[in-house]
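Novice: I have a structure here, written as structure tokens, and I will follow up with some questions on it.
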Amino acid sequence: MRIRSVEPFILHIPVTGGSICDSTHQVSHWGVVGCRIETEDGISGYGYAGTHAHLPSDRLITSCIRDCYAPLLIGEDASEISRLWLKLLRHPPLQWVGRAGITHLALAAVDVSLWDLKAKKAGVPLWHLLGGATKSRLEAYNTDIGWLSLSVPAIIDGAKRAIEVDGFRRIKVKVGHADPMVDVARLEAIRAAIGPNITLAIDGNGKWDLPICKRFCAKAEPLDIFWFEEPLWYDDIGSHAELARATSIPVALGEQLYTLDAFRAFVQAGALHWVQPDVTRLAGITETVQVADLALAHRLPVAPHAGEMSQVHVHLAYWHEAIPVLEYIPWIKNAFLEPADVKDGHFLKPQQPGASSEPSADAFRHFSRPLSD
Ligand code: 0YR
Ligand code: MG
């Protein structure tokens with residue numbers, strides 16, 4: 190399985206339903222920024238990071254893959270993923286400028302490509318290669334009904350459809366207005382409409398500070414919030430630990446953390462209850478498994494963040510015992526050969542060989558952006 194070529198690509202895929210907002214981000218397209226790695230025996234693996242489709246920064250990722258990683262990969266045995274992962278992560282000049290950010294997103298794309306390749310070579314879906322499934326059904330929760338840019342009636346409409354038509358039992362709603370009491374009022378109306386038996390998680394996307402969070406949580410506690418995701422600035426371990434002690438609402442985070450070490454620091458500080466790694470921000474499947482094992486060792490549940498819109502996480506979640514539930518956002522699934530789809534509130538178990546990370550020829554035709562001007 191010698192590596193013959195490493196070809197980066199950039200796809201910008203419009204989000205279904207137009208542009209959306211959370212407290213921090215506005216998104217009209219999702220960036221699928223990654224690479225195809227081909228071996229001499231003609232098998233190709235695909236992997237990508239998920240971005241906000243900002244072409245100049247997407248090109249930093251693809252030029253890292255093309256100019257820095259590809260020369261380290263060509264001619265290597267693609268099946269030796271752990272060794273190649275360390276070779277790229279620890280390459281001294283890249284370690285000097287990297288270990289997080291652009292180089293890490295690029296390494297995520299390479300790592301996922303190598304796992305996709307390995308599973309294709311074995312002729313099995315990734316969850317099977319990793320050791321087989323630990324669950325017969327994997328529950329999904331719906332984020333797409335709860336954007337901050339949606340009105341309360343629109344969220345209630347979407348939630349009812351998700352529950353009654355698509356079988357979801359779990360939804361997530363964004364919070365983060367300048368006045369947190371606006372969010373309390375929104376959540377009260379939503380909880381009243383969905384009733385007590387639907388799991389309601391919320392997501393602040395790192396907007397608020399500790400005093401606002403404490404005020405908000407005191408009012409939101411009676412609403413049976415399943416978790417409060419990214420309440421505070423992403424790297425602020427101490428404030429998360431203080432909030433976790435101050436409220437009965439479980440704290441969730443991880444979508445903005447780049448490394449195993451960052452997760453360990455939060456876990457050691459008692460600063461989170463739900464662990465939310467992302468294969469597209471951690472350095473791929475390799476590091477996400479490390480984080481899921483860390484969580485398991487502390488008996489903390491894991492709910493991966495869908496930076497790849499759950500195409501790859503669905504494999505990890507069916508396999509790893511610490512992952513009971515997975516995020517569902519339908520934006521880009523139809524761009525892939527095997528879409529990560531939900532039926533009756535549960536993810537379909539992937540059946541095709543690989544990591545479900547290969548975009549279709551149609552997707553490349555419609556959504557490709559140039560790597561340079
Ligand atoms: C925009 N999921 C998230 C949107 C999502 C964002 O980036 O996808 O809200 O990353 O917080 O939990
Ligand atoms: Mg989030």
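All residue numbers for the sequence shown refer to the numbering used here, where the first residue is 190 and numbers rise by one. Heads up, the beta-carbon is just placed ideally off N, CA and C, and yes, glycines get one too. Predicted, not measured: the structure shown is a model, and the values here were computed from it.
For aspartate 266, which residues does DSSP report across the bridge?
Specialist: Arg191.
Novice: Does the beta-carbon of alanine 267 have 16 or more other beta-carbons within 10 angstroms, so that it is buried, or is it exposed?
Specialist: Classification of alanine 267: buried, given that the 10 Å Cβ count is 16 or more.
Novice: Exposed or buried, glutamine 500, counting other C-beta atoms within 10 Å across all chains shown (16 or more means buried)?
Specialist: The residue in question, glutamine 500, is buried, as its Cβ has 16 or more Cβ neighbours within 10 Å.
Novice: If you check the beta carbons only, do lysine 310 and isoleucine 270 fall under 9 Å apart?
Specialist: Cβ atoms of lysine 310 and isoleucine 270: not closer than 9 Å.
Novice: Counting only runs that start and end within the stretch 201-235, where is the beta strand (DSSP E) found for 3 or more residues in a row?
Specialist: Taking only runs of at least 3 residues, the beta strand (DSSP E) segments lying wholly in the stretch 201-235 are 218-228.
Novice: Please report the straight-line C-alpha distance between glycine 459 and glycine 207, rounded to a whole angstrom.
Specialist: Roughly 38 Å between the two C-alpha positions.
Novice: If you draw a straight line from the C-alpha of alanine 259 to the C-alpha of histidine 555, how long is it?
Specialist: For alanine 259 and histidine 555, the distance between alpha carbons rounds to 26 Å.
Novice: Taking 8 Å as the limit between beta carbons, can you name the residues of its chain near threonine 292, skipping five residues before and five after?
Specialist: Here the set comprises Cys253, Cys257, Leu283 and Val286.
Novice: CB valine 468 to CB glycine 496, shorter than 9 Å?
Specialist: Yes, Cβ-Cβ distance for valine 468 and glycine 496 is below 9 Å.
Novice: Would you say aspartate 333 touches the ligand MG, meaning its beta carbon is less than 8 Å from a heavy atom?
Specialist: Answer for aspartate 333: no, Cβ out of range of the ligand MG.
Novice: I'd like the ranges of any alpha helix (DSSP H) spanning at least 4 consecutive residues and lying wholly in the stretch 333-410.
Specialist: List check, alpha helix (DSSP H) in window: 341-353, 369-383 and 399-409.
Novice: DSSP state of glutamate 419, grouped into three classes?
Specialist: Note: glutamate 419 maps to coil in three-state DSSP.
Novice: Let me confirm a value: phenylalanine 415 is counted as buried when at least 16 other C-beta atoms fall within 10 Å, else exposed. Which label applies?
Specialist: Flag for phenylalanine 415 reads buried.
Novice: Please return the same chain residues whose Cβ sits closer than 6 Å to the Cβ of alanine 454, not counting the five positions on each side in sequence.
Specialist: Same-chain partners within the cutoff: Ile426.
Novice: By how many angstroms is the C-alpha of phenylalanine 405 removed from the C-alpha of alanine 298?
Specialist: When rounded, the distance between both Cα atoms is 38 Å.
Novice: Hey, glutamate 431 and glutamine 465 are a contact pair by Cβ (cut 8 Å); roughly how many whole angstroms apart?
Specialist: That pair is no contact at about 19 Å.
Novice: Have a look at glycine 264 and glycine 543 and give me their C-alpha separation to the nearest angstrom.
Specialist: Roughly 22 Å between the two C-alpha positions.
Novice: Do glutamate 353 and the ligand 0YR come close, with the Cβ less than 8 Å from some heavy atom?
Specialist: It does not: the Cβ of glutamate 353 is nowhere closer than 8 Å to a heavy atom of the ligand 0YR.
Novice: Between the alpha carbons of leucine 579 and lysine 408, how many angstroms are there, rounded?
Specialist: Nothing in the structure corresponds to residue 579, since the chain is present only between 190 and 562.
Novice: Does the Cβ of histidine 502 lie closer than 8 Å to at least one heavy atom of the ligand MG?
Specialist: Not so, every heavy atom of the ligand MG lies at least 8 Å from the Cβ.
Novice: Answer with buried or exposed for leucine 275, where buried requires no fewer than 16 other C-beta atoms within 10 angstroms of its C-beta.
Specialist: Result: exposed.
Novice: Residues bridged to isoleucine 414 by DSSP?
Specialist: According to DSSP, isoleucine 414 bridges with Leu389.
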